[in-house]
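Just so you know, the protein sequences line up as chains A and B, in that order. When you line the first sequence up against our numbering, it's residues 5 to 485, in that order. When you line the second sequence up against our numbering, it's residues 5 to 485, in that order. Data first, discussion second: the structure below is written as structure tokens.
Number of protein chains: 2
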Amino acid sequence: MPLQKISPLQKARQQYQPRIPALLRDLRNVHFKEITGARKPPEALRKLFPKTFDLPSYQLVAGKSGGEKLKVGALFSGGQAAGGHNVIAGLFDAGLDVIGFLNGPSGLVENRWMAVKEIDSFRNQGGFDLLGSGRTKIETQTQLDSALKTALAHNLDGLIIIGGDDSNTNAAILAEYFLAHGCNTRVVGVPKTIDGDLRSADIEMSFGFDSACKTYSEIIGNIARDALSAKKYYHIIKLMGRSASHIVLECALATCPNLALIGEERRSLEVIVAEIADLICHRHDAGKDYGVVLIPEGLIEFVPELSKNLKVEKDPHGNVLLSQIQTEKLVIDLVVKELHSRKFQGKFNFQEHFLGYEGRACLPTNFDANYCYALGLLSAAAVRQKLTGVICAIQNLHLPADQWQLKAVPIVQLMHFEMRTGVEKPVIQKTIVDLKRNPYVYFSRSRKLWEIEDHYRYPGPIQFYGDPELTDCGPQSIMMG
Amino acid sequence: MPLQKISPLQKARQQYQPRIPALLRDLRNVHFKEITGARKPPEALRKLFPKTFDLPSYQLVAGKSGGEKLKVGALFSGGQAAGGHNVIAGLFDAGLDVIGFLNGPSGLVENRWMAVKEIDSFRNQGGFDLLGSGRTKIETQTQLDSALKTALAHNLDGLIIIGGDDSNTNAAILAEYFLAHGCNTRVVGVPKTIDGDLRSADIEMSFGFDSACKTYSEIIGNIARDALSAKKYYHIIKLMGRSASHIVLECALATCPNLALIGEERRSLEVIVAEIADLICHRHDAGKDYGVVLIPEGLIEFVPELSKNLKVEKDPHGNVLLSQIQTEKLVIDLVVKELHSRKFQGKFNFQEHFLGYEGRACLPTNFDANYCYALGLLSAAAVRQKLTGVICAIQNLHLPADQWQLKAVPIVQLMHFEMRTGVEKPVIQKTIVDLKRNPYVYFSRSRKLWEIEDHYRYPGPIQFYGDPELTDCGPQSIMMG
């Protein structure tokens with residue numbers, strides 16, 4: 005009885021029809037309308053982005069647009085996020101000629117590409133393996149020239165960059181560069197990252213965040229139920245997500261752990277260690293020598309004394325090289341010392357976990373599958389209307405897809421200046437957890453209750469079929485507003 | 005918008021009606037019939053089990069049985085396995101008075117218990133948290149006496165021990181001890197363990213194996229798709245499962261990694277290291293510096309030179325203290341050395357993972373939910389007919405539930421003598437991977453194909469609703485026969 009080469013679920017998901025706003029069903033009957041109220045970028049950016057600085061924002065509305073056959077190139081940039089293949093499917097289904105640059109931006113620079121002739125086996129599937137991905141930045145004059153040469157060689161009407169904050173910064177630079185050199189290739193960005201830190205007044209959420217958080221929450225819930233049954237271990241679970249603690253916050257809302265550290269609270273290491281030690285002591289007094297603690301990968305960046313005093317290396321993307329710092333080990337060591345100094349008599353056995361690669365390339369949730377397919381169609385519409393230097397922004401994501409608002413926003417509106425390896429550079433500002441918004445406020449009010457009593461919540465595995473309540477809800481970070 | 009205390013999926017699963025064989029729908033119309041062909045235990049066991057040594061095996065058939073109200077105690081023993089709560093639900097729905105001993109066998113010894121008055125919120129849920137679990141062995145005279153005293157104090161008609169090989173050894177000892185002391189409490193074992201090593205001619209599979217393997221396979225598939233997209237890392241994934249490599253084999257069949265080590269092949273460390281180094285070199289030649297390798301937790305036990313020469317500590321359960329040996333680190337270190345000695349010019353960046361707690365207390369698959377509920381009802385039937393020293397054995401698990409065969413088998417039939425901490429003891433023999441059976445044979449034939457070409461298979465998250473092909477298939481270790 006040989007096994008089928010693809011799993012039954014892979015096969016079933018290939019057949020899923022994403023739900024999308026009605027406007028996106030026929031791109032010949034839509035057009036982008038300028039809208040007011042755009043955010044003004046810092047004036048200093050005008051020099052660097054003379055041609056795109058004053059661009060307006062746009063909203064997609066009913067109307068007419070051209071129907072000529074256009075050709076676009078697409079690429080994935082940076083870490084995997086579930087749903088990327090549906091962006092390509094959207095471009096493909098919009099009737100564009102699509103070529104894909106291989107293994108990230110370097111594929112554009114080095115003109116390594118493939119024609120996308122078939123997309124059906126990748127519909128609603130995880131990963132970026134149709135094209136591969138990569139982290140090359142296009143910065144040098146040589147790289148910019150090579151990218152321009154590639155765009156001209158293929159006579160591309162559009163270039164779709166599916167990436168995070170840095171990749172979309174790149175998209176803005178390329179758009180400006182192409183305009184300056186009379187190249188008709190329009191550059192459109194698509195907001196991708198599981199980290200959830202690419203947000204703005206216009207961008208409610210990057211794709212992949214929902215699928216990653218739901219996968220991590222499944223695992224955290226399973227571990228919590230194990231902890232509650234075995235009553236033996238503290239499970240210290242570090243979650244991927246670079247600087248910001250969006251993923252920890254989302255997973256905490258989904259699973260109600262005993263403690264979840266939010267980097268953006270900017271507590272000192274001393275306070276953090278005391279808080280964990282208090283938790284362990286108080287739970288021990290309640291007869292409990294087990295528990296679940298969530299730690300963000302980027303915790304260290306927000307710890308005042310560490311971020312100042314440690315010589316923390318940053319990569320060219322401005323990210324602290326977090327994998328070099330074993331945050332969870334550092335924290336555990338300090339907690340053990342603290343417990344010793346308190347002459348704690350109970351048990352403190354811990355298990356460490358790091359959740360990251362487990363949730364980046366999973367099958368996209370229905371939410372991410374719908375969202376990404378809509379993003380693909382929306383970027384096709386932007387190219388049709390010759391918009392450039394814009395990023396796709398879909399709003400009202402907490403509502404059903406037929407009520408989503410479809411926008412294209414100049415990327416320069418998201419940018420500011422930041423020190424990167426000693427040089428001030430124009431970059432998209434990372435959005436960290438807002439301590440005034442509902443998700444954090446709700447978490448902050450609830451967490452005391454979770455400390456001693458166990459209110460673990462078990463989300464279970466992502467479901468694709470059955471009651472929409474089980475299958476279609478977006479992340480709490482959106483649903484709570 | 006406050007979140008509901010339990011997740012939508014927890015709630016939905018509480019409503020699931022397990023599918024069971026028709027015979028189990030009304031226990032007043034069934035009885036156990038003696039069957040022939042039982043395996044003869046080693047004669048040396050007769051001395052230790054004089055009252056249960058000659059017991060026959062039984063099969064449940066249509067018939068009449070007594071209808072008096074009986075009282076049973078139940079306990080969970082050892083590590084969590086998905087579906088345990090459904091065993092209790094089966095006892096409860098069979099109309100028995102059920103009390104649960106708390107935190108494993110120690111609850112029986114110390115007479116800590118709770119009455120099970122409600123089970124609905126635990127139906128089809130993961131974990132053992134209704135009662136807790138524990139690893140105490142009941143061995144000493146004092147412990148046996150205490151257990152007897154508890155059984156008498158509650159006037160128990162039955163004691164249901166839900167556990168692995170050692171816990172069922174304990175069940176056999178208790179059954180014999182109770183009989184010898186004129187106690188009417190019948191002891192019935194239920195085969196539980198994610199490790200899959202509690203099998204026999206009668207027991208096709210322990211419960212929890214399917215759910216754990218499907219959870220691990222989801223994660224392995226996600227990691228493999230990430231590897232294929234990023235093309236940066238070798239992911240070295242160690243899987244829980246004590247000595248035997250059943251879990252690695254099952255997950256390998258589900259995900260088709262580039263390499264999966266099966267301890268039972270008993271290869272020398274040198275051969276294993278050379279095999280991994282070959283993989284890395286050959287893939288490098290094919291332009292691939294990434295991959296996925298599965299390693300069993302118990303690998304080291306089967307490595308001839310290590311199991312002989314290393315002073316590997318064993319715990320009282322006869323398990324090598326595997327968590328003390330970081331198998332994956334040892335293997336990686338040696339592979340790096342080997343690559344150096346070969347003057348390998350490519351990249352070898354790896355990410356280590358250990359999957360264990362992620363899959364023990366998950367929501368049970370439909371297979372495990374059905375299987376466990378049937379096991380609960382079957383143990384109730386065994387107590388009604390005053391069987392003791394038996395373990396529940398359900399056969400034909402590869403067929404739909406209405407074709408399952410329901411048996412009760414004397415535990416002593418599974419036992420042999422083994423050295424434990426220097427003393428020969430009667431224990432249930434662990435079943436390791438059979439290199440002659442279909443699952444291994446299929447794996448062994450396919451794996452060459454998986455090495456260089458990437459045939460990763462992505463099972464995705466466990467599904468509970470929709471097409472039965474997505475929701476109801478048991479583990480390949482059973483389906484392949």
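C-beta atoms are modelled at their ideal positions from N, C-alpha and C, and glycine is treated no differently. Note that the structure is predicted; figures quoted are calculated from it, not measured.
Shown in chain order are the members of the segment 131-146 of chain A whose Cβ falls below 7 Å from a Cβ of chain B: 131, 132, 133, 136, 137. Only residues of its own chain outside the window of five on either side were considered, and among them 131, 132, 137, 364, 365 have a CB closer than 7 Å to the CB of residue 84(A), listed in chain order. The Cβ atoms of residue 332(B) and residue 242(B) lie closer than 8 Å to each other. Interface flag for residue 238(B) against chain A is unset, since no Cβ pair is found closer than 8 Å. Rounded to the nearest angstrom, the gap between the Cα atoms of residue 36(B) and residue 266(B) is 39 Å. Here residue 340(B) is not near residue 299(B), since their CB atoms are 8 Å or more apart.
By the neighbour-count criterion, in which a residue is buried when 16 or more other Cβ atoms sit within 10 angstroms of its Cβ, residue 463(A) is buried. For the segment 358-387 of chain A, the beta-carbon criterion of a distance under 8 Å to any beta-carbon of chain B is satisfied by 361, 362, 363, 364, 365, 366, 367. Not one beta carbon of chain B lies nearer than 8 Å to the beta carbon of residue 331(A). Less than 8 Å divides the Cβ of residue 42(B) from the Cβ of residue 417(B). Contact of residue 462(A) with chain B is assigned, a C-beta pair being separated by under 8 Å. The beta carbon of residue 471(A) sits closer than 8 Å to some beta carbon of chain B. Burial is judged here by how many other beta carbons sit within 10 angstroms of a residue's own beta carbon; residue 58(B) has fewer than 16 and is exposed. The alpha helix (DSSP H) runs lying completely inside the segment 63-110 of chain A and spanning 4 residues or more are 88-97, given in chain order. A direct Cα-to-Cα measurement between residue 232(B) and residue 297(B) gives close to 13 Å.
For a Cβ distance threshold of 9 Å, residue set 9 of chain B lies close to residue 459(A), ordered along the chain. In the three-state scheme derived from DSSP, where H, G and I count as helix and E and B as strand, residue 131(B) is classed as coil. Put simply, the segment 182-202 of chain A does not touch the segment 345-354 of chain A. Fewer than three CB pairs are less than 8 Å apart. Taking 8 Å as the threshold, the shortest C-beta distance from residue 230(A) to chain B falls below it. Taken in chain order, the unbroken stretches of alpha helix (DSSP H) that lie wholly in the segment 206-291 of chain B and span 4 residues or more are 213-234, 250-259, 273-289. For residue 123(B) against residue 96(B), the beta-carbon gap comes to about 5 Å, under 8 Å, which counts as contact. The segment 390-397 of chain B and the segment 187-201 of chain B touch, with no fewer than 3 CB-CB distances between them shorter than 8 Å. The Cβ neighbour count for residue 244(B), taken over all protein chains shown within 10 Å, is at least 16; the residue is labelled buried. Taking 8 Å as the cut-off, the beta carbon of residue 419(B) is found closer than this to the beta carbon of residue 176(B).
As the crow flies, the alpha-carbon of residue 77(A) is around 6 Å from that of residue 164(A).
Residue 223(A) reaches chain B at 362, counting residues in chain order whose Cβ is nearer than 7 Å.
Looking at 144(B), 214(B), 172(B), 359(B), the one whose alpha-carbon comes closest to that of residue 239(B) is 359(B). Scanning the segment 107-181 of chain B from its first residue to its last, the whole beta strand (DSSP E) runs of 3-plus residues come out as 117-119, 162-167. When DSSP reads this structure, residue 36(B) sits in a beta bridge with 64(B). For residue 306(B), the enclosing alpha helix (DSSP H) starts and ends at 303-306.
In the DSSP assignment, residue 380(A) falls within the alpha helix (DSSP H) that extends over 370-388. In terms of beta-carbon proximity, residue 404(A) stays away from the interface with chain B, with every pair separated by 8 Å or more. Residues of chain A with a Cβ closer than 7 Å to the Cβ of residue 466(B) are, in chain order, 465. For residue 359(B), the enclosing beta strand (DSSP E) covers residues 354-359. Along the segment 420-454 of chain B, going in chain order, the ones with a CB nearer than 9 Å to a CB of chain A are 442, 446, 450.
Taking 8 Å as the upper bound for CB-CB distance, residue 128(B) and residue 18(B) are in contact here, some 7 Å apart.
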